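Peer 1: Residue numbers (this note's numbering): 28 to 228.
All C-beta atoms, glycine included, are put in the ideal place defined by N, C-alpha and C.
Keep in mind that this is a model prediction, so the values were computed, not measured.
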Amino acid sequence: MTIFDQDKNDVLSPFKVEYRMENADDLLAEHLAKRFRQKRIEDELVIVCIGTDRSTGDALGPLVGSKLIDRQSRHLQVYGTLDEPVHAMNLSEKIEQIERSHPFATVIAVDACLGQFSNVGNINVADGPLKPGAGVKKELPPVGSLHVTGIVNVGGFMEYFVLQNTRLSLVMKMADVIASGLHKASALISEEQKLGKVFHD
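1) Tell me which residues share the same chain as V181 and place their Cβ nearer than 6 Å to its Cβ, disregarding the 5 neighbours each side in the sequence.
2) Any idea what DSSP makes of D85, helix, strand or coil?
3) Between the Cα of L118 and those of F188, L215, V170, spot the shortest distance and give me the residue it belongs to.
4) Use the C-beta contact count for R64: other C-beta atoms within 10 angstroms, 16 or more gives buried, fewer gives exposed.
5) Would you call the stretch 174-191 in contact with the stretch 129-137, where contact means no fewer than 3 C-beta pairs closer than 8 Å?
6) From the DSSP secondary-structure annotation, give me the bridge partner or partners of Q104.
7) Under the three-state reduction of DSSP, which class applies to H174: helix, strand or coil?
8) In chain order, what residues of the same chain have a beta carbon less than 8 Å from the beta carbon of L109, not counting five sequence neighbours either side?
9) Buried or exposed, going by whether 16 or more other CB atoms sit within 10 Å of the CB of D107?
10) Suppose the cutoff is 7 Å on Cβ atoms and the five residues either side in sequence are ignored; what does the same chain contact list for A212 look like?
11) Please name the residue, chosen from K66, L141, D154, that lies closest to G160 on a Cα-to-Cα basis.
12) For L190 and E45, what's the separation of their Cα atoms in angstroms?
13) Give the secondary structure of G155 by DSSP, where H, G and I count as helix, E and B as strand, and everything else as coil.
14) Considering Cα atoms alone, identify which of N151, E71, I77, H102 is closest to F131.
15) Among H102, N50, A51, I74, which residue has its Cα nearest to the Cα of P156?
16) Check for me: the beta strand (DSSP E) holding D138 runs from which residue to which?
17) Does the beta-carbon of G78 have 16 or more other beta-carbons within 10 angstroms, so that it is buried, or is it exposed?
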C-alpha cells in the first residue's frame, strides 16, 4: 500500500471547522488531502470558486480564487476570481469549458452559503456536487465531485439582502483559511505522488 492509497477505503463524514479555530487551515488541509486520496487524483485538481464581488457575502468564492492565484498554486487549476468571477450568468458556460479542457480532473466547488446563527463562520466539506444558488432560490447546474462551503451569514429571510450586508472582515478571514487549506492539501498530495513514484521506481 502506498502513501497515496492509505485513505482509499475510509468513509469520510462531512467535515467542518470554525475559521477562528487555531490551525483551522491545517485541519482543513488534512481533511481535504484525505478526500483527494480517495479520488485517486492522477491528473488535475480544478477549483471552481463561485460567486460575485458585487455582493459582500457572495464574494467568498472569488476571494478564494484570487488568493489561490496569488499563492501561485501550480498544482491547482483555478476558475473564479475577483477579476473573472464564475456566477449565475456564466456558470453553465464555465462548466462546459472545464469539461472540455480538463476531462479527467477532479473538480472541487467553493461557494458561500447561509445557515443558522450558531454555524456562521463554519467551513464545511462534503462529497458530491455543489448546488449553487439553492440558498437564494435559484436553479443552477450542480458543480464538482466534492465541495467546500463557508457559512457567511444567517439564512431563512431576505437572503439577497443578508448577503449584501455580510461583514467583509468575516468573508476575508474565511477566504484566507479556505485558500490556505486548499493550497496546503494540493501541495501535500503532490509530494506524496512524487514519493510514490520514487518507491515504485
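Peer 2: A quick look at the data gives this:
1) Along the sequence shown, one-based indexing puts residue 181 at 154. So the qualifying residues of the chain are F144.
2) Numbered from its first residue, the sequence shown carries residue 85 at position 58. Of the three classes helix, strand and coil, the one that applies to D85 here is helix, per DSSP.
3) As a first step, residue 118 is located in the sequence shown; it is residue number 91 there, counting from the start. The option with the nearest alpha carbon to L118 is V170.
4) Within the sequence shown, residue 64 is the residue found at index 37, counting from 1. With 16 or more Cβ atoms within 10 Å of its Cβ, R64 is classed as buried.
5) Per the Cβ contact rule, the stretch 174-191 is in contact with the stretch 129-137 (3 or more Cβ pairs under 8 Å).
6) As a first step, residue 104 is located in the sequence shown; it is residue number 77 there, counting from the start. Note: Q104 sits in a beta bridge opposite V73.
7) Against the sequence shown, residue 174 aligns to sequence position 147. Of the three classes helix, strand and coil, the one that applies to H174 here is strand, per DSSP.
8) Here the question's residue 109 lines up with position 82 in the sequence shown. Exclusion of the five residues before and after L109 leaves D80, A86, P89, L90, G92, S93 as the residues of its chain whose Cβ lies within less than 8 Å of its Cβ.
9) Mapped onto the sequence shown, residue 107 falls at position 80. Looking at the sequence itself, residue 107 is Gly, so the reference to Asp does not match. Burial state of G107 is buried, judged by a 10 Å Cβ sphere holding 16 or more other Cβ atoms.
10) Residue mapping note: residue 212 aligns to position 185 of the sequence shown, counting from 1. Answer for A212: A56, L59, A60, F63, listed in chain order.
11) Within the sequence shown, residue 160 is the residue found at index 133, counting from 1. Considering only alpha carbons, the answer is L141.
12) If you number the sequence shown from 1, residue 190 lands on position 163. If you number the sequence shown from 1, residue 45 lands on position 18. Approximately 19 Å between the Cα atoms of the pair.
13) The residue you call residue 155 lines up with position 128 of the sequence shown. DSSP places G155 in coil when its eight states are reduced to three.
14) The residue given as residue 131 occupies position 104 in the sequence shown. Closest by alpha carbon: E71.
15) Position 129 of the sequence shown, counted from the start, is the residue given in the question as residue 156. Looking at the Cα atoms, I74 is the closest of the given residues.
16) Along the sequence shown, read from residue 1 onward, the residue named residue 138 stands at position 111. Here the beta strand (DSSP E) through D138 covers 133-142.
17) Within the sequence shown, the letter at position 51 stands for residue 78. Answer is buried; the Cβ neighbour count reaches 16.
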